[in-house]
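Trainee: What follows is a single structure, and I will ask about it in a moment.
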Amino acid sequence: MQESENPNQADQVFLARVSLKKQKGSYLCGELSSTMKIFLYPPVAKVPQWKLAIGSAHSRPRLLARLLTTPEGNLVSEKNGPWMARKIINHPGQAAWDIFFLPNCA
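Numbered per the numbering used here, the sequence shown spans residues 1 to 106.
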């Protein structure tokens, strides 16, 4: 990506790449560290937004934000919150998203 395409790129902190996991339903999961994971849950009938959550192997994931889909196909926090997910095009074999924290929106 060229810098001119996204002038606010310096204001984004990359956290993790999440990819599709199938355990008790479909969701996306990535590792923040050896003990912490970040989760991206797709919309379902009762909850039309994406959900971003964080948790460990020993705890129930905690909701960080509900995310809305932009016209470009990315995901952003409701009410201009500090979270964004960018869909990876051409990721080999499965759905994948990069998760970013936007400190200037926190």
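Note that the Cβ used here is the ideal one computed from N, Cα and C, for glycine as well. The model shown is predicted, which means the values in this text are computed figures rather than measured ones.
Exposed or buried, residue 99, counting other C-beta atoms within 10 Å across all chains shown (16 or more means buried)?
Mentor: Buried: at least 16 other Cβ atoms inside 10 Å.
Trainee: Measure the C-alpha to C-alpha separation of residue 67 and residue 34 and round it to an integer number of angstroms.
Mentor: Cα to Cα, residue 67 sits roughly 25 Å from residue 34.
Trainee: With a CB to CB cut of under 7 Å and the five nearest residues on each side skipped, what residues in its chain are close to residue 13?
Mentor: Correct list, in chain order: 100, 101, 103.
Trainee: Confirm, please, whether the CB-CB distance from residue 53 to residue 30 is below 9 Å.
Mentor: No, they are not a contact pair.
Trainee: Report the CB separation of residue 85 from residue 40 in whole angstroms; it is logged as a contact under 8 Å.
Mentor: The Cβ separation is near 6 Å, so the contact holds.
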